[in-house]
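Numbering (the working numbering), first residue to last: 408 to 826.
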């Protein structure tokens, strides 16, 4: 996913890469993209903003619980859809499929599917009328069009064990832009050969009521203790006002958005702003931070006005700032020691009672640079009460002087896992 960097004439920009200390020796590891199993193809996988998905499933070729290669094969695919979108699923050899409402509390769409052939062709099968969440259905056709907010599991015609494959269609929602006007994009590079020298101590004073360690004790800033890779930029604020920092893109693309990508360090990104940054103690000097934006109560996928698709794990925070020098830091929820270096853990059958939680030990792709693009939005303090037009926002923002890009990087935790 590429982006065009936007620059404001109101900004004075310089970008000088700064070394991050002695390089860490990283083993060279070949990490292939995660493959679909035999019997499954997906057209337009990874095309999120204007999808035209077609999934074909030959259930007779599907692996079962014991024969999936969970480290290298996906037993599911998620296809984010707008409320008006559909995806086509064509299937053969599938004796039945189970179907669920992907989010039981979200009433913005009514989950449904429609057969494209057979005796029920063209008749919408609506949840609550023709089926309820958790039903197992014997299909009357060989293809269906599905809308958003569904999870379907297709099975072969055999007994136990049975081949299976999941298709999920989470709702893709449009999100409002932050207040004010877009000032700039900051690119933060986390190189592959760097030291994990941002230290987040397991300090009792920073644990919250939910038993989560928070950065500097700030709400919505859950982070795991340990040594972290990071990238940083010095931000000079010359005008007081409301500033929003929004992570809008990751390269390589996060597995949250493109399931075929290997896991990476920045897959669960964390963004923080410091008044005084000392990487030997990440808790000190925090002004604002965020772990997961959760911009929508139900959806995991957002579409911005610029056409960028974001995961709900992309951080965003808004803060009132006075003139001065700040440091913007991009890191991961996870410290480096929670990832396998150079080898993958043994595969295990899917446990339906468990989903991966933050802090899970997992393998990750190492040896690649990772870049996060952070949008900076501004609303002048003297217009905050009445709002400001985009034009006046650009004029009034004498803005940020961005200097000294630097940092380090390379590994990650997935959003959740079937394996």
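For every residue, glycine included, the Cβ atom is placed at its ideal position computed from N, Cα and C.
Remember, predicted model here, so these are calculated numbers, not experimental data.
Taking the alpha-carbon of residue i as reference, which of the options has the nearest alpha-carbon?
{"i": "residue 604", "options": "644, 648 and 687", "result": "687"}
{"i": "residue 647", "options": "733, 715, 663 and 711", "result": "733"}
{"i": "residue 642", "options": "635, 709 and 652", "result": "652"}
{"i": "residue 723", "options": "574, 779 and 714", "result": "779"}
{"i": "residue 663", "options": "620, 692, 709 and 685", "result": "709"}
{"i": "residue 745", "options": "713, 667 and 631", "result": "631"}
{"i": "residue 594", "options": "534, 649, 658 and 644", "result": "658"}
{"i": "residue 546", "options": "501, 599 and 729", "result": "501"}
{"i": "residue 706", "options": "556, 455, 507 and 458", "result": "556"}
{"i": "residue 453", "options": "665, 714 and 715", "result": "665"}
{"i": "residue 620", "options": "523, 698 and 539", "result": "698"}
{"i": "residue 548", "options": "600, 497, 661 and 617", "result": "497"}
{"i": "residue 513", "options": "717, 703, 725 and 521", "result": "703"}
Skipping 5 residues on each side, what residues in its chain have a beta carbon closer than 8 Å to that of residue i?
{"i": "residue 690", "result": "607, 608, 610, 613, 622, 623 and 624"}
{"i": "residue 480", "result": "441, 442, 443, 444 and 470"}
{"i": "residue 701", "result": "719"}
{"i": "residue 743", "result": "603, 633, 634, 635, 636, 672 and 818"}
Report buried or exposed for residue i, applying the criterion of at least 16 other Cβ atoms within 10 angstroms of its Cβ.
{"i": "residue 554", "result": "buried"}
{"i": "residue 827", "result": "With the chain running from 408 to 826 in the structure shown, residue 827 is simply not present."}
{"i": "residue 529", "result": "exposed"}
{"i": "residue 731", "result": "exposed"}
{"i": "residue 577", "result": "buried"}
{"i": "residue 450", "result": "exposed"}
{"i": "residue 446", "result": "buried"}
{"i": "residue 526", "result": "exposed"}
{"i": "residue 711", "result": "buried"}
{"i": "residue 649", "result": "buried"}
{"i": "residue 673", "result": "buried"}
{"i": "residue 448", "result": "exposed"}
{"i": "residue 777", "result": "buried"}
{"i": "residue 558", "result": "buried"}
{"i": "residue 575", "result": "buried"}
{"i": "residue 597", "result": "buried"}
Ordered along the chain, which non-local residues of its own chain (more than five positions away) have a Cβ less than 6 Å from that of residue i?
{"i": "residue 587", "result": "784, 785, 786 and 800"}
{"i": "residue 736", "result": "637, 639 and 679"}
{"i": "residue 696", "result": "622, 625, 628 and 679"}
{"i": "residue 491", "result": "none"}
{"i": "residue 543", "result": "503 and 505"}
{"i": "residue 489", "result": "579"}
{"i": "residue 460", "result": "451, 486 and 494"}
{"i": "residue 729", "result": "647"}
{"i": "residue 683", "result": "692"}
Can you give me the start and stop residues for the beta strand (DSSP E) that residue i sits inside?
{"i": "residue 571", "result": "571–576"}
{"i": "residue 496", "result": "494–499"}
{"i": "residue 696", "result": "693–697"}
{"i": "residue 653", "result": "648–658"}
{"i": "residue 730", "result": "Per DSSP, residue 730 belongs to no beta strand (DSSP E) and is neither H nor E."}
{"i": "residue 708", "result": "708–710"}
{"i": "residue 483", "result": "483–485"}
{"i": "residue 635", "result": "633–635"}
{"i": "residue 676", "result": "676–681"}
{"i": "residue 779", "result": "777–787"}
{"i": "residue 448", "result": "447–450"}
{"i": "residue 621", "result": "Note, residue 621: premise wrong, no beta strand (DSSP E); not H, not E."}
{"i": "residue 716", "result": "716–718"}
{"i": "residue 465", "result": "461–465"}
{"i": "residue 605", "result": "605–607"}
Just to confirm my understanding: we take residue i, look at its own chain, exclude 5 residues before and 5 after, and list those with CB closer than 7 Å. What are they?
{"i": "residue 782", "result": "589, 592, 653 and 655"}
{"i": "residue 568", "result": "471, 472 and 473"}
{"i": "residue 533", "result": "517 and 519"}
{"i": "residue 754", "result": "Confidence in residue 754 is poor, its pLDDT being 39 and thus under 50, which makes the residue's placement unreliable; the coordinate value appears in the next sentence. Only 476, 477, 478 and 826 meet the Cβ criterion."}
{"i": "residue 563", "result": "466, 467, 469, 500, 501, 502, 569 and 570"}
{"i": "residue 510", "result": "556 and 705"}
Can you determine whether any heavy atom of the ligand MG sits closer than 8 Å to the C-beta of residue i, and answer yes or no?
{"i": "residue 620", "result": "In the structure shown, the ligand MG is absent, as is every other ligand, since no ligand is present at all."}
**OP:** Give, in chain order, every unbroken run of the beta strand (DSSP E) that is at least 3 residues long and sits entirely within the segment 517–597.
**Re:** Those beta strand (DSSP E) runs which fall completely within the segment 517–597 and span 3+ residues are 519–522, 531–533, 550–553, 557–563, 571–576, 579–581 and 588–597.
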